[in-house]
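Colleague: Under the working numbering, think of the first position of the sequence shown as 3, with each following residue one higher. Just so you know, even glycine gets a beta-carbon here, dropped at the ideal spot from N, CA and C. In this text, all values refer to a predicted model and were calculated from it rather than measured experimentally. One structure is given below, represented as structure tokens, and several questions about it will come after.
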Amino acid sequence: MKLSLLSILLGCGMAAPQVYGLARPKEFGAAAKKFPRHVPTGIALMLLGTAWFVWNVNVEPIADFKPIKPYLMAAFGAVGVGACFFVQDYLAVRGLAVIFLLMAKFMVDTGRPHLGETPWVYIIQGWGYVLAVAGIYLTMWPWRLRDLLNWVTATESRIKICSAIRLAFALLVVTLGLTVFRAM
Numbered sequence: 003m004k005l006s007l008l009s010i011l012l013g014c015g016m017a018a019p020q021v022y023g024l025a026r027p028k029e030f031g032a033a034a035k036k037f038p039r040h041v042p043t044g045i046a047l048m049l050l051g052t053a054w055f056v057w058n059v060n061v062e063p064i065a066d067f068k069p070i071k072p073y074l075m076a077a078f079g080a081v082g083v084g085a086c087f088f089v090q091d092y093l094a095v096r097g098l099a100v101i102f103l104l105m106a107k108f109m110v111d112t113g114r115p116h117l118g119e120t121p122w123v124y125i126i127q128g129w130g131y132v133l134a135v136a137g138i139y140l141t142m143w144p145w146r147l148r149d150l151l152n153w154v155t156a157t158e159s160r161i162k163i164c165s166a167i168r169l170a171f172a173l174l175v176v177t178l179g180l181t182v183f184r185a186m
């Protein structure tokens with residue numbers, strides 16, 4: 003994937019919920035507070051993360067893993083599906099953490115070839131590393147996201163301020179994709 007397309011997709015994906023947060027802060031806050039323990043969302047995120055990770059294992063060209071690759075794929079698939087049944091507490095946060103880790107890898111891999119072309123690539127790279135750290139952190143302490151969401155959604159003004167900051171960052175990323183990264 004081209005860095006420009008990745009930036010546009012990431013920025014638009016991040017901007018959409020922020021627009022909702024600015025337009026309907028009360029509903030946004032209620033939905034955000036339900037997220038950490040919402041099992042259907044957790045199952046969807048965990049299965050998406052599992053499929054993405056198994057696909058990454060499948061396309062990995064390291065010859066050392068070739069003989070055991072089918073067993074690894076089956077084991078990782080079983081762990082991901084098993085988590086949906088046996089680890090339902092904060093499953094949405096755990097699934098999001100898996101997506102964060104995989105997205106971080108994808109962002110860093112996509113931006114790496116362009117590091118010497120423009121310093122603006124460091125925004126995507128830095129965001130990828132922030133997602134990696136957040137994914138590791140939320141994997142270990144998933145209830146911290148609940149606490150953070152409770153703080154962010156405590157008042158409508160706080161929801162609007164935080165949504166506006168995230169929207170500004172999302173628009174910066176989209177703008178980079180449409181301008182600086184257009185040829186990348």
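1. Terminal residues of the continuous alpha helix (DSSP H) containing E29?
2. Could you check which residue in T43, A33, V175 has the C-alpha nearest to that of Y124?
3. How big is the Cα-Cα spacing for L24 and L7?
4. With hydrogens ignored, establish whether the beta-carbon of W153 is closer than 7 Å to any heavy atom of the ligand NAP.
5. Apart from the five residues on each side of it in sequence, which residues of its chain come closer than 6 Å, Cβ to Cβ, to M16?
6. Excluding the five sequence neighbours on either side, which residues of its own chain have a C-beta within less than 6 Å of the C-beta of V100, listed in chain order?
7. Thinking just about the alpha-carbon of each residue, which of T141, A166, G179 is nearest to the one in P19?
8. Cβ of G44 within 8 Å of Cβ of G79?
9. Using a Cβ-Cβ cut-off of 6 Å (strictly less than) and excluding sequence neighbours within five positions of R168, which residues of its own chain qualify?
10. Using the C-alpha atoms, what's the distance from L178 back to G13?
11. When you compare each of Q90, A76, F30 to K162 by their alpha carbons, which one comes out closest?
12. Assuming the contact rule is C-beta atoms closer than 8 Å, W145 and Y92 should be a hit. Round their C-beta distance to whole Å, please.
13. Excluding five sequence neighbours on each side, which residues of the same chain lie with their C-beta closer than 7 Å to the C-beta of W122?
14. Write down every uninterrupted run of the alpha helix (DSSP H) in the segment 96–151 whose length is 4 residues or greater and which is fully enclosed by it, in chain order.
15. Applying the criterion that 16 or more other CB atoms from any shown protein chain within 10 Å of the CB defines a buried residue, is T157 buried or exposed?
16. Taking the straight line between their C-alpha atoms, what separation do you get for K28 and L11?
17. Which full runs of the alpha helix (DSSP H) of 4+ residues lie inside the segment 5–75, going along the chain?
18. Rounded C-beta distance between V59 and M75? I'm assuming under 8 Å.
Modeller: Taking the geometry as given:
1. Against the sequence shown, residue 29 aligns to sequence position 27. That run of the alpha helix (DSSP H) goes 27–36.
2. Position 122 of the sequence shown, counting from 1, holds the residue named residue 124. Measuring from the Cα of Y124, the nearest candidate turns out to be V175.
3. Translated into the one-based positions of the sequence shown, residue 24 becomes position 22. Translated into the one-based positions of the sequence shown, residue 7 becomes position 5. Each residue's alpha carbon lies about 26 Å from the other.
4. With respect to small molecules bound, the structure shown includes none, and the ligand NAP cannot be examined in it.
5. By one-based count along the sequence shown, residue 16 stands at place 14. If the five residues before and after M16 are omitted, its C-beta is found closer than 6 Å to the C-beta atoms of A172, all from its own chain and listed in chain order.
6. Locating residue 100 in the sequence shown gives position 98, counting from the first residue. Hits under 6 Å: G51.
7. Along the sequence shown, one-based indexing puts residue 19 at 17. Comparing Cα positions, the closest option is A166.
8. By 1-based counting over the sequence shown, the position of residue 44 is 42. By 1-based counting over the sequence shown, the position of residue 79 is 77. Between G44 and G79, the C-beta gap is not smaller than 8 Å, which leaves the two residues out of contact.
9. Here residue 168 corresponds to residue number 166 of the sequence shown, with the count starting at 1. Residues of the same chain with a CB within less than 6 Å of the CB of R168, apart from the 5 flanking positions on each side, are Q20 in chain order.
10. One-based indexing of the sequence shown puts residue 13 at position 11. One-based indexing of the sequence shown puts residue 178 at position 176. Approximately 9 Å, taken between the alpha carbons.
11. The residue given as residue 162 occupies position 160 in the sequence shown. Measuring from the Cα of K162, the nearest candidate turns out to be F30.
12. Numbered from its first residue, the sequence shown carries residue 145 at position 143. Numbered from its first residue, the sequence shown carries residue 92 at position 90. The beta carbons of W145 and Y92 sit about 6 Å from each other, so the pair counts as a contact at 8 Å.
13. In the sequence shown, residue 122 corresponds to position 120, counting from 1. Around W122: L178, V182.
14. The qualifying runs are 123–142.
15. Stepping through the sequence shown from its first residue, residue 157 is reached at position 155. Label assigned to T157: exposed.
16. What you label residue 28 is simply residue 26 of the sequence shown in a count that begins at 1. What you label residue 11 is simply residue 9 of the sequence shown in a count that begins at 1. If I take the Cα positions, the gap works out to 26 Å.
17. Correct list: 5–25, 27–36, 41–61.
18. As a first step, residue 59 is located in the sequence shown; it is residue number 57 there, counting from the start. As a first step, residue 75 is located in the sequence shown; it is residue number 73 there, counting from the start. Sure, about 5 Å apart at Cβ, within 8 Å.
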